[in-house]
Structures are given as C-alpha cells and as structure tokens.
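For the sequence shown, counting from 1, position 57 maps to 57 in the UniProt record's numbering; every step adds exactly one. A quick write-up on the structure given underneath.
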Amino acid sequence: MLWMIVSMLAFAATVINLYLYVTGKDYTLAMAFGLALTALTLASVQSMIGSWVQHEDWTAL
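Structure follows, in structure tokens:
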C-alpha cells in the first residue's frame, strides 16, 4: 500500500518537473524529488516482495 502512495507522489513530482522544464524555470529540486520518490517506490515494492517470500506466500508472486 505504501508503494501506491509513494508512486503517486513520484508521478506528481514528475509532472511538476516537466511543467517547470517547459516554462524555463529551475527544475532541479523537482527532478531530485521525482528521482528520490521513484527510488523509494522501488524499495517499497522490493520490501513487499521480500515479505511475501519470507511468509512463503508463493501465490502472491
């Protein structure tokens, strides 16, 4: 469930990043937030899959 929240935030940061890029403003902070939130999304998905393996829930894979 956490990965859904973080991925939505990453998507919002990416949209803001693209808007700032198109308008010619400084977009480095939005770009950093987008990349960091994308990395957090991948980490939370990896954690979720690890918990499935730890509980031997092979059907979830």
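Each residue gets a CB set at the ideal place from its N, CA and C atoms; glycine is no exception. Since the structure is predicted, the reported quantities are computational estimates derived from the model, not experimental observations.
When rounded, the separation of the alpha-carbon atoms in residue 34 and residue 44 is 15 angstroms. Counting along the chain, the unbroken alpha helix (DSSP H) around residue 52 starts and ends at 28-54. Between residue 41 and residue 49, the alpha-carbon positions lie close to 12 angstroms from each other. With 16 or more neighbouring CB atoms inside 10 Å of its own CB, residue 6 falls in the buried class. Distance from residue 60 to residue 37 at the Cβ level is roughly 24 angstroms; contact not present, criterion being Cβ atoms closer than 8 angstroms.
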